[in-house]
Amino acid sequence: MKKSHIKWVVVGLLLGILMSAMDNTIVATAMGTIVSDLGGLDHFVWVTAAYMVTMMAGMPIFGKLSDMYGRKRFFIFGLVVFLIGSMLCGIADSMIQLSVFRAIQGIGGGALMPIAFTIVYDIFPPQQRGKMTGMLGAVFGLSSVMGPLLGAYITDSFSWHWVFYINVPIGLVVIVLMSIFYKEATAPKKQVVDWLGAATLVIAVVSLMFGLELGGNTFAWVSVPMLILAIIFVVFALLFIWAEKRAVDPILPFWMFKRRLFLTAQIAAFFYGATFIILTVYIPIFVQAVYGGSATNAGFILMPMMIGSVLGSGVGGSLLTRVKFRHLMSASIVIFFIGMLLLATISAETSRVLLSTYMAIAGIGVGFSFSVLPTASIYNLEGRFRGSATSTNSFLRSFGMTIGIAAFGALQTNTFATKMSEAFAGVKVDLAQFGNTQQLFEASSRAKIPDEVLNPIVDAMASSVSTIFLVALIPIAVCAVAIFMMGNAKDGESLK
Numbered sequence: 163m164k165k166s167h168i169k170w171v172v173v174g175l176l177l178g179i180l181m182s183a184m185d186n187t188i189v190a191t192a193m194g195t196i197v198s199d200l201g202g203l204d205h206f207v208w209v210t211a212a213y214m215v216t217m218m219a220g221m222p223i224f225g226k227l228s229d230m231y232g233r234k235r236f237f238i239f240g241l242v243v244f245l246i247g248s249m250l251c252g253i254a255d256s257m258i259q260l261s262v263f264r265a266i267q268g269i270g271g272g273a274l275m276p277i278a279f280t281i282v283y284d285i286f287p288p289q290q291r292g293k294m295t296g297m298l299g300a301v302f303g304l305s306s307v308m309g310p311l312l313g314a315y316i317t318d319s320f321s322w323h324w325v326f327y328i329n330v331p332i333g334l335v336v337i338v339l340m341s342i343f344y345k346e347a348t349a350p351k352k353q354v355v356d357w358l359g360a361a362t363l364v365i366a367v368v369s370l371m372f373g374l375e376l377g378g379n380t381f382a383w384v385s386v387p388m389l390i391l392a393i394i395f396v397v398f399a400l401l402f403i404w405a406e407k408r409a410v411d412p413i414l415p416f417w418m419f420k421r422r423l424f425l426t427a428q429i430a431a432f433f434y435g436a437t438f439i440i441l442t443v444y445i446p447i448f449v450q451a452v453y454g455g456s457a458t459n460a461g462f463i464l465m466p467m468m469i470g471s472v473l474g475s476g477v478g479g480s481l482l483t484r485v486k487f488r489h490l491m492s493a494s495i496v497i498f499f500i501g502m503l504l505l506a507t508i509s510a511e512t513s514r515v516l517l518s519t520y521m522a523i524a525g526i527g528v529g530f531s532f533s534v535l536p537t538a539s540i541y542n543l544e545g546r547f548r549g550s551a552t553s554t555n556s557f558l559r560s561f562g563m564t565i566g567i568a569a570f571g572a573l574q575t576n577t578f579a580t581k582m583s584e585a586f587a588g589v590k591v592d593l594a595q596f597g598n599t600q601q602l603f604e605a606s607s608r609a610k611i612p613d614e615v616l617n618p619i620v621d622a623m624a625s626s627v628s629t630i631f632l633v634a635l636i637p638i639a640v641c642a643v644a645i646f647m648m649g650n651a652k653d654g655e656s657l658k
């Protein structure tokens with residue numbers, strides 16, 4: 163491929179990743195407006211669940227198919243499906259319709275992230291891969307902050323429909339760039355698709371993800387629907403393992419997990435996903451509930467984390483061929499641990515400057531993982547296995563995020579309830595007269611609450627948020643053990 167073409171391919175990849183990674187956060191910001199317009203409050207959780215389920219189910223399959231039949235066709239296929247889903251979401255007139263169309267979006271999104279990283283590894287030599295994976299990782303970090311800000315702006319200035327329509331012009335540009343400038347080195351060969359593995363994987367992932375997304379929201383954790391989903395997951399997960407061990411060319415080659423670097427990179431991806439997500443979810447809540455800031459203020463408070471993650475991803479990527487994976491990730495986990503430890507100390511008295519500083523530190527630590535872990539996953543693998551490797555890494559990071567939201571969400575809710583009970587024990591205050599908890603932290607409602615009621619509630623919320631950061635140090639410490647066992651390899655070297 164000509165050097166003059168490569169730069170346009172990179173632009174296409176960056177735009178594709180930005181569009182896909184930003185989608186869930188940009189939609190989350192507009193969800194309140196969408197619910198007020200379409201109704202169906204009891205179904206709104208399905209809008210997010212449908213996207214996450216189909217995206218994660220598709221990741222390993224598209225990764226494998228790109229290994230077998232070429233990256234270009236499946237990257238463009240993912241873009242086309244994603245854009246069709248986006249247009250349908252924009253014209254949805256019910257929450258059920260929107261959920262179905264979001265599922266279509268998710269199918270396309272499942273192809274974009276893992277294949278983009280694999281393309282970079284295919285077209286760049288080792289000396290340049292680090293820089294490019296650093297750029298892709300930086301865009302991934304950027305999307306987590308840009309999404310809420312852009313979602314708020316579009317919803318306020320135009321309408322929620324444009325949260326979806328905005329994908330269309332961006333996606334069309336990406337399709338044109340990739341169609342014209344990306345030339346694959348080899349023609350795909352006819353191979354046997356592991357249909358049984360693909361089918362059992364999809365059913366297992368769908369049942370697991372629906373359980374995690376709907377548990378505690380639509381259904382109680384201990385309920386018949388959740389039990390049914392758990393049984394389906396266990397049965398089809400076992401069938402998937404059985405099928406993969408017998409497949410000629412399995413969707414997920416288990417032998418890769420016998421490689422120490424690959425295994426530890428996947429473990430790290432899971433734990434980084436599970437812990438990093440609480441920054442983007444609970445810091446905005448903290449800003450609104452404790453500081454009394456607006457949704458826009460809450461979005462802007464994430465900027466230091468974004469800058470830190472972009473910086474960390476760039477630095478980590480640039481050092482990949484000079485520093486061992488283990489050393490880079492050791493620096494990452496130490497910085498991340500320090501940032502989260504500092505965030506575990508926040509309270510209503512913590513200044514915004516200090517909060518921003520703590521977030522920037524955590525962001526730098528996480529940023530390293532955006533570029534280092536995908537590269538470590540592909541390290542020293544033949545081209546025909548790279549798609550499976552990167553898709554596994556993307557899948558486990560996303561899976562970790564889902565687990566993190568469910569686990570830390572339950573912890574924060576229970577801690578807040580406990581702190582509230584302690585704060586108002588023996589005090590004759592009818593909290594119902596001030597509305598529900600969510601209304602207590604809206605500016606108009608907040609001003610009507612007397613200080614003797616508001617202050618204990620603010621303290622309870624601050625304590626519940628700081629508690630989840632403190633508990634998050636446990637999985638981060640476990641992740642550190644995995645990182646210590648990564649070995650002495652660095653990108654560009656042959657496996658010893």
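Residue numbering for the sequence shown follows the working numbering, beginning at 163 and increasing consecutively.
We put the CB at the ideal spot given by N, CA and C, even for glycine.
The structure presented is a predicted model; accordingly, all values stated were derived computationally and were not measured.
request  = Starting from Asp284, follow the alpha helix (DSSP H) in both directions and report where the run begins and ends.
outcome  = Residue mapping note: residue 284 aligns to position 122 of the sequence shown, counting from 1. That run of the alpha helix (DSSP H) goes Met257 to Ile285.
Whole-number beta carbon distance between Ile445 and Met521, since they are thought to touch under 8 Å = Here residue 521 corresponds to residue number 359 of the sequence shown, with the count starting at 1. Here residue 445 corresponds to residue number 283 of the sequence shown, with the count starting at 1. With 8 Å as the limit, Met521 and Ile445 qualify as a contact, their Cβ atoms being about 7 Å apart.
key: Phe381 - partner residues in DSSP beta bridges   = On the sequence shown, position 219 is the one that residue 381 refers to. DSSP, once it has assigned bridges, lists Gly377 as partnering Phe381.
task = Please go through the region 417-477 and give each complete beta strand (DSSP E) segment of 3 or more residues, from N-terminal end onward.
result = none
Three-way DSSP call (helix, strand, coil) for Pro612 in this model = Stepping through the sequence shown from its first residue, residue 612 is reached at position 450. Of the three classes helix, strand and coil, the one that applies to Pro612 here is coil, per DSSP.
ask   = I think Ile439 touches Ile567, with their Cβ atoms under 8 Å apart; what is that distance to the nearest whole Å?
value = In the sequence shown, residue 439 corresponds to position 277, counting from 1. In the sequence shown, residue 567 corresponds to position 405, counting from 1. Contact holds; Cβ gap of about 6 Å.
ask   = Just the Cα atoms here: how many angstroms apart are Thr677 and Ala361?
value = Here the chain has residues from 163 to 658 only, and residue 677 is not among them.
query = Which residue comes first and which comes last in the alpha helix (DSSP H) that contains Ile332?
reply = Translated into positions along the sequence shown, residue 332 becomes position 170. Element bounds for Ile332: Asn329 to Phe343.
Buried versus exposed call for Asp199 [16 or more other C-beta atoms within 10 Å across all chains shown] = In the sequence shown, residue 199 corresponds to position 37, counting from 1. By the 10 Å Cβ count, Asp199 comes out exposed.
inquiry  = Short of 6 Å in beta carbon distance, which residues of its chain neighbour Leu505, apart from the five on each side in sequence? Order them along the chain.
reply    = Counting from 1 along the sequence shown, the entry for residue 505 is found at position 343. Closer than 6 Å at the Cβ level, and outside the excluded window around Leu505, lie Tyr520 and Phe631.
key: Extent of the continuous alpha helix (DSSP H) to which Val243 belongs   = Locating residue 243 in the sequence shown gives position 81, counting from the first residue. Looking at the DSSP string, the run of the alpha helix (DSSP H) that includes Val243 is Arg233 to Ile253.
request  = Using 10 angstroms around the beta-carbon of Thr147, count the other beta-carbons present and answer buried if the total reaches 16, otherwise exposed.
outcome  = As shown, the chain starts at 163 and ends at 658. That puts residue 147 outside it, with no answer to give.
ask   = Just how far apart, CA to CA, sit Gly474 and Phe487?
value = Residue 474 sits at position 312 when you count from the first residue of the sequence shown. Residue 487 sits at position 325 when you count from the first residue of the sequence shown. Near 14 Å, if we compare the C-alpha coordinates of Phe487 and Gly474.
inquiry  = Quick test of the definition: if touching needs 3 or more C-beta pairs under 8 Å, does the region 338-346 touch the region 165-176?
reply    = yes
query = If you draw a straight line from the alpha carbon of Ala651 to that of Gly292, how long is it in whole angstroms?
reply = Within the sequence shown, the letter at position 489 stands for residue 651. Within the sequence shown, the letter at position 130 stands for residue 292. Using only the alpha carbons, I get a separation of about 14 Å.
request  = Would you be able to state if there are at least three C-beta pairs under 8 Å between the region 247-266 and the region 519-539?
outcome  = no
ask   = Among the residues of its own chain, which have a CB less than 8 Å from the CB of Gly377, if the five just before and after it don't count?
value = Position 215 of the sequence shown, counting from 1, holds the residue named residue 377. The residues are Trp383, Met388 and Ala568.
task = Would you identify the three-state DSSP class for Asp356, choosing helix, strand or coil?
result = Within the sequence shown, the letter at position 194 stands for residue 356. Of the three classes helix, strand and coil, the one that applies to Asp356 here is coil, per DSSP.
Supposed close pair Met648, Thr426 - CB separation, criterion 8 Å = As a first step, residue 648 is located in the sequence shown; it is residue number 486 there, counting from the start. As a first step, residue 426 is located in the sequence shown; it is residue number 264 there, counting from the start. At roughly 5 Å, the Cβ-Cβ gap stays under 8 Å, so Met648 and Thr426 are in contact.
ask   = For Trp322, which residues from the same chain have a beta carbon less than 6 Å from its beta carbon, with the 5 sequence-adjacent residues on both sides left out?
value = The count along the sequence shown starts at 1 and reaches residue 322 at position 160. Taken in chain order, the residues that qualify are Ala192, Thr195 and Ile196.
Outcome for Phe419 when other beta-carbon atoms lying within 10 angstroms are tallied against a minimum of 16 = Within the sequence shown, the letter at position 257 stands for residue 419. By the 10 Å Cβ count, Phe419 comes out exposed.
inquiry  = Using 8 Å as the cut-off, can you tell me whether the region 209-223 makes contact with the region 527-543, which would need three or more C-beta pairs spanning the two stretches below that distance?
reply    = no
task = Report buried or exposed for Asp356, applying the criterion of at least 16 other Cβ atoms within 10 angstroms of its Cβ.
result = As a first step, residue 356 must be located in the sequence shown, where it is residue number 194. It is buried - the Cβ of Asp356 has at least 16 other Cβ atoms within 10 Å.
Touching by the beta-carbon criterion (3+ pairs, under 8 Å), the region 365-373 and the region 388-397 = yes
ask   = What is the DSSP secondary structure of Gly597, counted as helix, strand or coil?
value = Counted from its first residue, the sequence shown places residue 597 at position 435. Its pLDDT being 48, under 50, Gly597 is placed unreliably in this model, and the value from its coordinates should be taken loosely. Gly597: coil per DSSP, three-state reduction.
inquiry  = With a threshold of 6 Å on Cβ separation, who are the neighbours of Ser533 within its own chain once the five nearest residues in sequence on each side are excluded?
reply    = Locating residue 533 in the sequence shown gives position 371, where the first residue counts as 1. Cβ within range, chain order: Thr295, Gly296, Gly299, Ser475, Gly478 and Gly479.
ask   = If we ignore side chains and look at the alpha-carbon of each, how far apart do Gln428 and Ser553 end up?
value = Start at 1 with the first residue of the sequence shown, and residue 428 comes out as number 266. Start at 1 with the first residue of the sequence shown, and residue 553 comes out as number 391. Computed Cα separation, rounded: 11 Å.
query = In or out: Lys226 buried (at least 16 other Cβ within 10 Å) or exposed?
reply = Here residue 226 is taken as the residue at index 64 of the sequence shown, counted from 1. Label assigned to Lys226: buried.
Nearest residue (CA-CA) to Ile188, options Ile277, Gly201 and Ser305 = On the sequence shown, residue 188 is found 26 positions in, with the first residue counted as 1. For the residues Ile277, Gly201 and Ser305, the minimum Cα distance to Ile188 belongs to Ser305.
request  = Take Phe547 as the anchor and find which of Val364, Ser509 and Pro415 has the nearest alpha-carbon.
outcome  = Reading the sequence shown from its first residue, position 385 is the one you call residue 547. Ranking Val364, Ser509 and Pro415 by Cα distance to Phe547 puts Pro415 first.
key: Reference Ala190; option with closest CA among Met491, Ile179, Thr210 and Val171   = As a first step, residue 190 is located in the sequence shown; it is residue number 28 there, counting from the start. Ranking the options by Cα distance to Ala190, first place goes to Thr210.
query = For Ile508, which three-state DSSP category applies?
reply = The residue labelled residue 508 in the question sits at position 346 within the sequence shown. Coil, per DSSP.
ask   = Who are the near neighbours of Trp170 in its chain, counting only those whose CB is closer than 6 Å to its CB and skipping five residues on each side?
value = Position 8 of the sequence shown holds residue 170. Only Leu339 and Phe343 meet the Cβ criterion.
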